[in-house]
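Below you'll find the structure, written out as structure tokens, and then a few comments.
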Amino acid sequence: MKRKIYLLPLSLLAVFTVVTWSCQKDDEEDVCKKFEFRECEIANACCPTDGGNCYYEYGDQKYYCDNNLATDLDPDGCDAAEDQVIGVICGTAKSADIQLVKAQLRELTRTLMKEARMLSVCH
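If you're matching positions, the sequence shown starts at 220 in the numbering used here and goes up one per residue.
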């Protein structure tokens with residue numbers, strides 16, 4: 220009977236240790252991926268795991284989405300930031316290519332948002 224009393228706290232400690240170890244914070248709290256298009260410079264698209272606004276990074280400049288500006292047509296509030304970064308990285312692209320770039324950037328942003336939400340469970 221005493222053996223069972225000792226096993227319960229040990230098994231609870233083991234479960235707690237596994238959960239704590241698997242949810243350690245990384246130094247990197249943003250999920251980022253490079254965005255490349257044939258006629259554009261390379262930029263980074265990032266979404267923080269703490270629920271903050273996503274952003275696009277080119278050089279030293281960051282272009283932030285704003286959840287407060289979200290609408291039915293722009294549910295993430297990223298329209299203005301997308302336009303700004305595309306204007307900078309795709310200055311010589313044709314207008315038809317700009318629409319394609321915007322669609323690809325929007326899709327990448329949604330993917331990063333999903334990844335950031337998944338990772339935020341442990342943070």
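We put the CB at the ideal spot given by N, CA and C, even for glycine.
May I have the straight-line CA-CA distance separating GLU258 from ASP293, to the nearest angstrom?
In the sequence shown, residue 258 corresponds to position 39, counting from 1. In the sequence shown, residue 293 corresponds to position 74, counting from 1. If you take the alpha carbons of GLU258 and ASP293, they lie about 25 angstroms apart.
Assuming ALA322 is part of the alpha helix (DSSP H), what are its boundary residues?
Residue 322 sits at position 103 when you count from the first residue of the sequence shown. Where ALA322 is concerned, the enclosing alpha helix (DSSP H) stretches over 314–338.
Look up ASP291 in the DSSP assignment and say whether it is helix, strand or coil.
Taking the sequence shown and counting its residues from 1, the one referred to as residue 291 is at position 72. Reduced to three states, the DSSP call for ASP291 is coil.
Under 8 angstroms by Cβ, that's how I've got PHE254 and LEU324 pegged, so tell me the actual separation to the nearest angstrom.
Translated into the one-based positions of the sequence shown, residue 254 becomes position 35. Translated into the one-based positions of the sequence shown, residue 324 becomes position 105. The pair is a contact, with the Cβ atoms about 6 angstroms apart (cut-off 8 angstroms).
Put ASN263 into one of helix, strand or coil per three-state DSSP.
Start at 1 with the first residue of the sequence shown, and residue 263 comes out as number 44. ASN263 falls in the strand class under three-state DSSP.
Note the first and the last residue of the continuous alpha helix (DSSP H) segment covering ASP302.
Numbered from 1 along the sequence shown, position 83 holds the residue referred to as residue 302. Here the alpha helix (DSSP H) through ASP302 covers 298–308.
Roughly how many whole angstroms lie between the Cα atoms of ALA315 and ASP295?
For the purposes of this step, residue 315 is taken as the residue at position 96 of the sequence shown. For the purposes of this step, residue 295 is taken as the residue at position 76 of the sequence shown. About 23 angstroms.
Label GLU326 either buried or exposed according to how many other C-beta atoms from any shown protein chain fall within 10 Å of its C-beta, with 16 as the threshold for buried.
Stepping through the sequence shown from its first residue, residue 326 is reached at position 107. Result: exposed.
Mark ILE305 as exposed unless 16 or more other C-beta atoms lie within 10 angstroms of its C-beta, in which case mark it buried.
The sequence position of residue 305 within the sequence shown is 86, counting from 1. Buried is the call here.
Where CYS273 and CYS266 are concerned, what is the direct C-alpha to C-alpha distance, given to the nearest angstrom?
The count along the sequence shown starts at 1 and reaches residue 273 at position 54. The count along the sequence shown starts at 1 and reaches residue 266 at position 47. Those two C-alpha atoms are separated by around 4 angstroms.
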